[in-house]
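Colleague: Line by line, the protein sequences give chains A and D. In this text, residue positions in the first sequence follow our numbering: the first is 181, and each later residue adds one. In this text, residue positions in the second sequence follow our numbering: the first is 30, and each later residue adds one. Cβ atoms here follow ideal geometry from the backbone N, Cα and C, with glycine treated the same way. Take a look at this one; I'll ask things after.
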Amino acid sequence: MLFNSINFAIFLPIVFLLYWFVTNKSLKAQNILLLTSSYFFYACWDWRFLFLLMFSTLLDYFTGLKMQDAKNKNSKKFWFWLSVIVNLGFLAFFKYYNFFIESFEAGLSQLGIQINPFTLSIILPVGISFYTFHGLSYVIDIYKDRIKAERNFVEYAVFVSFFPLLVAGPIERATHLLPQIKRKRTFNYTYAVDGLRQILWGLFKKIVIADSCAFFANEFFNNSVHYPGSTLLLGAIFFTFQIYGDFSGYSDIALGTAKLFGIDLLRNFAFPYFSRDIAEFWRRWHISLSSWFKDYLYFPLGGSKGGTWMKVRNTFIIFIVSGFWHGSNWTFLVWGALNAVYFLPLLLTKSNRKNIDIVAMGKTYPSLDEFLRILLTFSLTVLAWIFFRANSISHALSYISEIFSSSLFVIPRFAEMKKALVAIALVIFFVLIEWQGREGQYAISHLGLKWKRPVRYAFYYALILALCWFSGEEQQFIYFQF
Amino acid sequence: MQRFIVQLFRFSLIGLIPLIILAIIYVILDPFKVIRSYSSYIDPKAKAWVSVNKDYQSTTTFINNSKTINYNSFIFGSSRSIYYQISDWKKHLPANSSCYHFDASGESLWALNKKVEFIDKKGGKMENVLLVLDTALLALDKPKKGHLFITSPALLENDNIIEFQKTFFFAFLQPKFLYAYLDFKLTGEVKPYMTKNSLLDNKPRGYDLTTNEMRFDYFENLIRQKKFYTKKRMSVFYKRPRFQKYSLPVIKENQKMLLENIHSIFKKHNSDVRIVISPLYNQKKLNEKDLAYLKNLFGTERVFDFSGINKITNDYNNYYEASHYRPHVSRELMEIIYKGK
Numbered sequence: 181m182l183f184n185s186i187n188f189a190i191f192l193p194i195v196f197l198l199y200w201f202v203t204n205k206s207l208k209a210q211n212i213l214l215l216t217s218s219y220f221f222y223a224c225w226d227w228r229f230l231f232l233l234m235f236s237t238l239l240d241y242f243t244g245l246k247m248q249d250a251k252n253k254n255s256k257k258f259w260f261w262l263s264v265i266v267n268l269g270f271l272a273f274f275k276y277y278n279f280f281i282e283s284f285e286a287g288l289s290q291l292g293i294q295i296n297p298f299t300l301s302i303i304l305p306v307g308i309s310f311y312t313f314h315g316l317s318y319v320i321d322i323y324k325d326r327i328k329a330e331r332n333f334v335e336y337a338v339f340v341s342f343f344p345l346l347v348a349g350p351i352e353r354a355t356h357l358l359p360q361i362k363r364k365r366t367f368n369y370t371y372a373v374d375g376l377r378q379i380l381w382g383l384f385k386k387i388v389i390a391d392s393c394a395f396f397a398n399e400f401f402n403n404s405v406h407y408p409g410s411t412l413l414l415g416a417i418f419f420t421f422q423i424y425g426d427f428s429g430y431s432d433i434a435l436g437t438a439k440l441f442g443i444d445l446l447r448n449f450a451f452p453y454f455s456r457d458i459a460e461f462w463r464r465w466h467i468s469l470s471s472w473f474k475d476y477l478y479f480p481l482g483g484s485k486g487g488t489w490m491k492v493r494n495t496f497i498i499f500i501v502s503g504f505w506h507g508s509n510w511t512f513l514v515w516g517a518l519n520a521v522y523f524l525p526l527l528l529t530k531s532n533r534k535n536i537d538i539v540a541m542g543k544t545y546p547s548l549d550e551f552l553r554i555l556l557t558f559s560l561t562v563l564a565w566i567f568f569r570a571n572s573i574s575h576a577l578s579y580i581s582e583i584f585s586s587s588l589f590v591i592p593r594f595a596e597m598k599k600a601l602v603a604i605a606l607v608i609f610f611v612l613i614e615w616q617g618r619e620g621q622y623a624i625s626h627l628g629l630k631w632k633r634p635v636r637y638a639f640y641y642a643l644i645l646a647l648c649w650f651s652g653e654e655q656q657f658i659y660f661q662f
Numbered sequence: 030m031q032r033f034i035v036q037l038f039r040f041s042l043i044g045l046i047p048l049i050i051l052a053i054i055y056v057i058l059d060p061f062k063v064i065r066s067y068s069s070y071i072d073p074k075a076k077a078w079v080s081v082n083k084d085y086q087s088t089t090t091f092i093n094n095s096k097t098i099n100y101n102s103f104i105f106g107s108s109r110s111i112y113y114q115i116s117d118w119k120k121h122l123p124a125n126s127s128c129y130h131f132d133a134s135g136e137s138l139w140a141l142n143k144k145v146e147f148i149d150k151k152g153g154k155m156e157n158v159l160l161v162l163d164t165a166l167l168a169l170d171k172p173k174k175g176h177l178f179i180t181s182p183a184l185l186e187n188d189n190i191i192e193f194q195k196t197f198f199f200a201f202l203q204p205k206f207l208y209a210y211l212d213f214k215l216t217g218e219v220k221p222y223m224t225k226n227s228l229l230d231n232k233p234r235g236y237d238l239t240t241n242e243m244r245f246d247y248f249e250n251l252i253r254q255k256k257f258y259t260k261k262r263m264s265v266f267y268k269r270p271r272f273q274k275y276s277l278p279v280i281k282e283n284q285k286m287l288l289e290n291i292h293s294i295f296k297k298h299n300s301d302v303r304i305v306i307s308p309l310y311n312q313k314k315l316n317e318k319d320l321a322y323l324k325n326l327f328g329t330e331r332v333f334d335f336s337g338i339n340k341i342t343n344d345y346n347n348y349y350e351a352s353h354y355r356p357h358v359s360r361e362l363m364e365i366i367y368k369g370k
C-alpha cells in the first residue's frame, strides 16, 4: 500500500477513528490495533513476506530476552550473534545473493574461468533493510546494556512494524520509540493538525516535485546516448530533486501520519541541499540512517579517535557500507566511496563540524560566501547522484564524460520542453518554500500560521489542487527498493 | 478531538463542494462513456468527441453484440491493427466467418491474453485469428495504467473496477481536459486548442458497430488529393539508420507464459492463426530469438515477420505517421500471409 494511493487514503482514516474512538480507553487495545493494522498494511504489498517480518520480530524479541536473562557473558554473546547473523543473513540472501554470485562469476571469467552460477529469481521484501536495522539496533543496545529487553511482545512488535515507518523508515531506535509505545497517548489537537500539514507537504514533494522530475530524469538517464551534455546535466539535476522530493516526501508523510497517532518519529531530513559542506549534508540527509551507522558502526570501529589512517579507514568503511545498504550494485559502492572522498578533507582538517547551525539563521538571504559554499556542495552532490542513478559504472562514467564535453554548451532540446519548463518552475518554487521554512521541522511547519484562516486554507487548497493536477503518473517510491 | 474532527470536516467540506459539483457533472455527462451503458460507444456523426478507452469499448461492444452475433473470427492487436479492414480479411476466410476487431490502444500482451481467455470462458469460438504484433506489444507483460489504456473490468471479473472508475474520474479532473471539455459542452464549438492538445478529437471517422471496425477514409481522401503529406506531417518521419538494427529480446519468462496460454487456447479452438509482425517505420527488426520462439510455438508457416528494412518500411507513403501503416499495406500483408491457403 503506497502512501500516495487511494487505498491508503481509505486505510488511514479508518485506523485513526478506531484508534481514538474505539480503542482509546486501553493502551493495550491501541497497540494491538496498531500492530494488526501495520501487518495488514504490509500484507497489502505481499502477504507472504509478512511471515518473514513476523519471524524477524520474534527472533529479536526472544534473543533480546535471552540476552537479558543470560547468566554469563558467553551465553549473552551467543544470543547476540545468533540474532545478528540471522538478521544479516536474511538481508544478504534477499538483497545481495544474486549480486555476489554474479560478481563472483564476472571475477572468475576475467581470469578465464567459466562457471555456471546458480542465480535465483528473488523478490526483495519491501522494507527489509529498514526493519532489519530496527531489530539490529534493539539487540545491539541490549547487548551493550544501553536498554533493557522489552517483555511485552505486542509493544515490541509495534516498535518494529509501526506502519508509517515500516517500509522506508525513518530507522527508529528503541530508546526513542519504545517508551512512546509503552506510554498512554492522549490526543493533541495542535500535534494532529501539524501531522496533517506535514502529510500534505510530503505528498506535494512526492507527487508534484519528485514525479515531475522523475519523468525527465528517467528519460535522460535511460537514453543518455542520445542527449548532449547540457541535457544530461539537466537530467542529473532533475534526479537530484527527484530523490530528495521522493524520499523526504515519504519521510514527511511517515512523520505526519505518526503524529496523528500521537507518536513522534525521528526526523529524517533537514533541508540537506542548503548544506555548506558535505559533512553538513550528511548530518541533514537520511539522518536516521547516518546516525545509525555512526552509532553502530563508526564508533565501534574507533570513530575519529585514532590516528589519521584509522580516521580515513573508518570514513571509507561507513560510506561504502552505507552505499552498499542502498542496493546490490557497484554503482552504490562508488557513490558511497565518492562521498567518503568528499568528506575526507573536512575530517582531516578537523572542519567537519564547522557548519552545525542553520544557514543564514534569522536572515532572508545567505551571504555570498554561504551561497557559494551551498552551490559547491550541491554540485558535488549532483555529481555523486549520477552514480546512484546510473545502471552501471560505465554508464555513469559515460554520462559524466558527456557532461564534461563541449556538448555541455549546446542548448538543450528534447520532447516535452514545455513540461520541462513547468518542472523547473516547480523546482524553483519548491526551493524557495524550503528556504523560507528551513528553520522549522519541515518547510511549511510555520508557513502561514499567522495568516487569516481563508488565506491559509487557500494555500492548502492550492497544494491539494496541485496534487490533483499532477496525480496519475505516480512513480514508486525510490526507497522502497532498498 | 471533537475540535479536530469539526475543523477537518469543515476544511474538507469547503474543498469538497467544487469536487461534488464536478462529480455530479461527471456522472451526468459521462464524458468517457464508462458510467452508463451505450448501444454504441463511437458516434461517427458527432461534431467532436472525447477519446474513449478502446479496450473498454471493444470489450463492452463485444459483450453486447455477442448476445445476437456468433463471432468466430477475431483480429487482435493495438491501434496498428485498425487498418486491417474486415472486408479485406473476409476475402481470405471461409464464407461463414463472422468477424470482430478486438483491438485496444497501446495493446499489451497481458491484455491480449485476457481477451483470448475471456472469449474462451464465454464459450465463444475462435476459428480464425489474426494477431497483429510488434515489439512494443510483446514487451508488455503487465497491465497498463492511464485512462486510455487501463484494462476493461469485464476482462478481469471486475477486480479492477474501483481503480478503473477512479482513473477516469481523475482524468476528468485534469484541469486542461476539464476546461476544454466544459468549454465545448457550453459553447458547442470545437476550438483549435482543444484538438491541438488532443483533449478532444474531431477527425472524421467511420465505424461499423457489428465488426467494431473503425475507418479513416478522410485521411485516404487527403492522400489521394495529395494534401496529406504536408511539411508539418512530414516532420515526424525521422531519418533511420542505414544498417539493419535489431530490437532487444522482449520475450522473457512472463511473455512465454502468456504466449503459451494464448497458444493453448487457440489449439483448443483449432484456430487458424496468422501472426503478423508489423512493418514499422523504425525499421528495427524483431529480435531473432523472439522470432524463433514465436515460430517454434505457433508454427513457422503461421508467423510472418515484416519488421526491419524492406520495401514497405522504406517508403513513407505507406504510413500516416511514424507509428501506423495504411490499409493498402495491411491488405498486401494479408495477401501474403493467406497465399496458398
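(1) Looking at the secondary structure, which residues open and close the beta strand (DSSP E) in which I306 (chain D) lies?
(2) Just curious, the beta strand (DSSP E) that S185 (chain A) is in, first and last residue?
(3) Tell me whether S66 (chain D) is buried or exposed, calling it buried when 16 or more other Cβ atoms sit within 10 Å of its Cβ.
(4) Please list the terminal residues of the continuous alpha helix (DSSP H) segment that includes M243 (chain D).
(5) Please report how far the alpha carbon of A250 (chain A) lies from the alpha carbon of D321 (chain A), in whole angstroms.
(6) Closer than 8 angstroms, CB to CB, is S651 (chain A) near chain D or not?
(7) Compile a chain-ordered list of the residues in the segment 331-346 of chain A whose CB is closer than 8 angstroms to at least one CB of chain D.
(8) On a Cα-Cα basis, can you pick out the residue from D:L251, D:G217 and D:Y210 that is closest to F61 (chain D)?
(9) Please state whether DSSP places V332 (chain D) in a helix, a strand or coil.
(10) Are the beta-carbon atoms belonging to A450 (chain A) and L526 (chain A) less than 8 angstroms from one another?
(11) Report the residues of the segment 42-58 of chain D with a CB closer than 8 angstroms to any CB of chain A, ordered along the chain.
(12) Identify whether N231 (chain D) lies in helix, strand or coil by the three-state DSSP scheme.
(13) Are any of the Cβ atoms in chain D nearer than 8 angstroms to that of C393 (chain A)?
(14) Against chain D, with Cβ distances strictly below 8 angstroms, would Y641 (chain A) count as a contact?
(15) Which residues of chain A have a Cβ atom closer than 7 angstroms to the Cβ of K195 (chain D), listed in chain order?
(16) Where do the ends of the beta strand (DSSP E) carrying N157 (chain D) lie?
(17) Would you say W465 (chain A) touches the ligand MN, meaning its beta carbon is less than 7 angstroms from a heavy atom?
(18) The alpha helix (DSSP H) with M240 (chain A) in it runs from where to where?
(19) Closer than 9 angstroms between beta carbons: that is the criterion. Which residues of the segment 369-380 of chain A meet it against chain D?
(20) Would you call T370 (chain A) buried or exposed, if buried means 16 or more other Cβ atoms sit within 10 Å of its Cβ?
(21) In the DSSP assignment, find the beta strand (DSSP E) that holds D132 (chain D) and state where it starts and stops.
(22) Just how far apart, CA to CA, sit K313 (chain D) and Y100 (chain D)?
(23) Are any of the Cβ atoms in chain A nearer than 8 angstroms to that of P204 (chain D)?
(24) If we define contact as Cβ-Cβ less than 8 angstroms, is R271 (chain D) a contact residue for chain A?
(25) What is the DSSP secondary structure of I566 (chain A), reduced to helix, strand or coil?
(26) Where does K151 (chain D) fall in DSSP's three states?
(27) Closer than 7 angstroms, Cβ to any Cβ of chain D: which residues of the segment 194-216 of chain A, in chain order?
(28) If you measure from the beta carbon of R262 (chain D) to each beta carbon in chain A, is any gap under 8 angstroms?
(29) Following the continuous beta strand (DSSP E) through G516 (chain A), name the residue where it begins and the one where it ends.
(30) Going by the beta-carbon positions, is the gap between G486 (chain A) and T437 (chain A) smaller than 8 angstroms?
(31) Compute the distance between the beta-carbons of F258 (chain A) and Y323 (chain A), then report whether it is under 8 angstroms.
(32) So, does the CB of L211 (chain D) fall closer than 8 angstroms to a CB anywhere in chain A?
(33) Buried or exposed: which applies to W78 (chain D), given that a residue is buried once 16 or more other Cβ atoms fall within 10 Å of its Cβ?
Modeller: Short version:
(1) For I306 (chain D), the uninterrupted beta strand (DSSP E) segment begins and ends at D301 to I306.
(2) For S185 (chain A), no beta strand (DSSP E) segment is defined, and its DSSP state is neither H nor E.
(3) By the neighbour-count criterion, in which 16 or more other beta carbons inside 10 Å mark a residue as buried, S66 (chain D) falls on the exposed side.
(4) Counted as a single uninterrupted DSSP element, the stretch harbouring M243 (chain D) is not any alpha helix (DSSP H) but the beta strand (DSSP E) occupying residues E242 to R244.
(5) Rounded to the nearest angstrom, the two C-alpha atoms are 15 angstroms apart.
(6) So yes, S651 (chain A) belongs to the interface.
(7) Against chain D - using a Cβ distance shorter than 8 angstroms - the segment 331-346 of chain A contributes no residues.
(8) Sorting D:L251, D:G217 and D:Y210 by C-alpha distance to the C-alpha of F61 (chain D) places D:Y210 at the top.
(9) Strand.
(10) Inclusion of A450 (chain A) and L526 (chain A) in the CB contact set at 8 angstroms is not warranted, their separation being larger than that value.
(11) Per Cβ criterion, the list reads I43 and G44.
(12) Of the three classes helix, strand and coil, the one that applies to N231 (chain D) here is coil, per DSSP.
(13) Chain D, which has no Cβ nearer than 8 angstroms to the Cβ of C393 (chain A), makes this no.
(14) Yes, Y641 (chain A) counts as interfacial toward chain D.
(15) Residues of chain A passing the Cβ test: I186.
(16) Unbroken beta strand (DSSP E) run through N157 (chain D): N157 to L162.
(17) This structure does not include the ligand MN; it has no bound ligands of any sort.
(18) According to the sequence provided, residue 240 (chain A) is Asp. The question's Met does not apply to it. Segment L230 to D249, the alpha helix (DSSP H) holding D240 (chain A).
(19) If the cut-off is 9 angstroms between Cβ atoms, the segment 369-380 of chain A has Y369, A372, V373 and L376 near chain D.
(20) Counting C-beta atoms within 10 angstroms of its own C-beta, T370 (chain A) has fewer than 16 neighbours from the protein chains shown and is therefore classed as exposed.
(21) Element bounds for D132 (chain D): C128 to D132.
(22) Spanning the two alpha carbons is a distance of roughly 35 angstroms.
(23) Yes, its Cβ sits closer than 8 angstroms to a Cβ of chain A.
(24) Output row for R271 (chain D): interface = no.
(25) DSSP, read as helix, strand or coil, puts I566 (chain A) in helix.
(26) Here K151 (chain D) sits in coil by DSSP.
(27) Flagged, chain order: W200.
(28) Taking a beta-carbon distance threshold of 8 angstroms, R262 (chain D) does not count as an interface residue toward chain A.
(29) Taken as a continuous stretch (DSSP letters only), G516 (chain A) belongs to no beta strand (DSSP E), being part of the alpha helix (DSSP H) at W510 to L528.
(30) In this structure, G486 (chain A) keeps its C-beta atom at 8 angstroms or more from the C-beta atom of T437 (chain A).
(31) No, the Cβ-Cβ distance between F258 (chain A) and Y323 (chain A) is not below 8 angstroms.
(32) False, the Cβ-Cβ gap to chain A never drops below 8 angstroms.
(33) W78 (chain D) should be labelled buried.
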